[in-house]
Amino acid sequence: MRGLWPRHTLLPPLIFVVAAVVAYVRGVLRWDHIAIVVLVAALAYTNRTTKRLCIGLYPIGLVAVLYDAMKSIQNVGVTPERVHLCGLRATEIRWFGITMDGSRTTVHDWLQAHATLPLDVLCSIPYGTFIFASLAAAVYLYFRDFAAMQRFMWTFFLMNVMGFLTYHLYPAAPPWYYHAHGCTVDMLARPSEGPNLARVDQFLGVHYFAAMYGRSSDVFGAIPSLHVAYPLLIALETWRHVSRPLRVTTVAYSVLMAFAAIYLDHHWIIDALVGVAYCLIAVLVVRSVQRWHATNLAKESRLSGTHGAEWGESASESK
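For the sequence shown, the numbering used here assigns the number 319 to the last residue and increments by one with no breaks.
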């Protein structure tokens, strides 16, 4: 183990071990807590190839830990007085409203009145696959450009941190909440997959989306739409490394996700635009940090006479 991690031998699985111990103490330990500890340890300590993959995928593991931890602080900074609900809807109507039956309303009201099962199923595709698509993009970049994979994964992590912080600094109710509860903020309301995805579950005879949203910790986390941010990140970071048909596919996937976020009643148009902005900001920040890190590693390598190290390890560890 020391041969692979001379300076930080026990560090790779440490945070996941701590997360599992905390979950056990709280009585909420699940099989996936143990699985991620075993997986990280196996990747970190088997050989240099698996160590490299561990470094590349590490940020998504941190997102899983962070997502789990959010449940214990889900109401921090979130009070009925601070939740943006009908005021946010009024802004949506002012900026993006339409006229329906002689009165101004949101696009969502029209879409919900004209929802169809085929559209429900179509829009469920990006909602049900975005995590798998993100992992597939990461694995693809691992084989094509490891630096791009690291950049993709750390941008993914940063977007989630930005999103989770915003959920507490600017709690916002999604459209489905308004349609279910009106302008009343109920702190005991449970996360919901919304009526459209519920119909998809019923049509397929599964509980996929009900289970997915049953594990969510944020009812009032409409802003930003990370659902919109993830496919955009995939398109941006794979653009230089894929063929033209795949570029078209990633763009189409991103556009479909943006439409689905609105159609499925999960996000306001404002949320989607903020999600795009968060993605672009995170991309710029991580690319700047990566350039700075590469410059420092190059200097360290010249001084020590080593080859360049990967992002996430020092030059001395690359010997």
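The beta-carbon is built from N, C-alpha and C at its ideal position, and this holds for glycine as well.
Everything numeric in this text was worked out from a predicted model, so none of it was measured.
> Is the beta carbon of H114 less than 9 Å from the beta carbon of P174?
Replying inline: no
> By how many angstroms is the C-alpha of W239 removed from the C-alpha of P142?
Replying inline: Sequence inspection shows Tyr at residue 142; the Pro mentioned does not correspond to that position. Distance between the alpha carbons of Y142 and W239 is about 14 Å.
> Helix, strand or coil for G275 per DSSP?
Replying inline: helix
> In terms of alpha-carbon separation, which member of D32, A64, S216 lies closest to R190?
Replying inline: S216
> What residues in its chain sit with their C-beta under 8 Å from that of G77, if we drop five residues either side in the sequence?
Replying inline: H168, L169, P171
> What's the C-alpha gap between L150 and K51?
Replying inline: Going by the sequence as given, residue 150 is Gln instead of Leu. The straight-line gap from Cα to Cα measures roughly 13 Å.
> With burial defined as no fewer than 16 other Cβ atoms inside 10 Å of the residue's Cβ, what is the status of H33: buried or exposed?
Replying inline: By the neighbour-count criterion, in which 16 or more other beta carbons inside 10 Å mark a residue as buried, H33 falls on the buried side.
> Whole-angstrom Cβ separation of I60 and M153, contact assumed at under 8 Å?
Replying inline: 6 Å
> First and last residue of the alpha helix (DSSP H) that includes S243?
Replying inline: Counting along the chain, S243 falls outside any alpha helix (DSSP H), and DSSP gives it neither H nor E.
>> What does the alpha-carbon distance come out to for the pair S225 and I269?
In response: 9 Å
> How many Å lie between G221 and E193 at the Cα?
Replying inline: 13 Å
>> Distance check for Y127 and L14, CA to CA, integer angstroms please.
In response: 32 Å
> Which whole-angstrom value describes the C-beta separation of V228 and V276, a residue pair presumed to lie in contact below a C-beta threshold of 8 Å?
Replying inline: 6 Å
> Do you know whose CA, among D186, W31, R30, Y230, lies nearest V219's CA?
Replying inline: Checked all of D186, W31, R30, Y230; the closest Cα to V219 is D186.
> For H114, which three-state DSSP category applies?
Replying inline: coil
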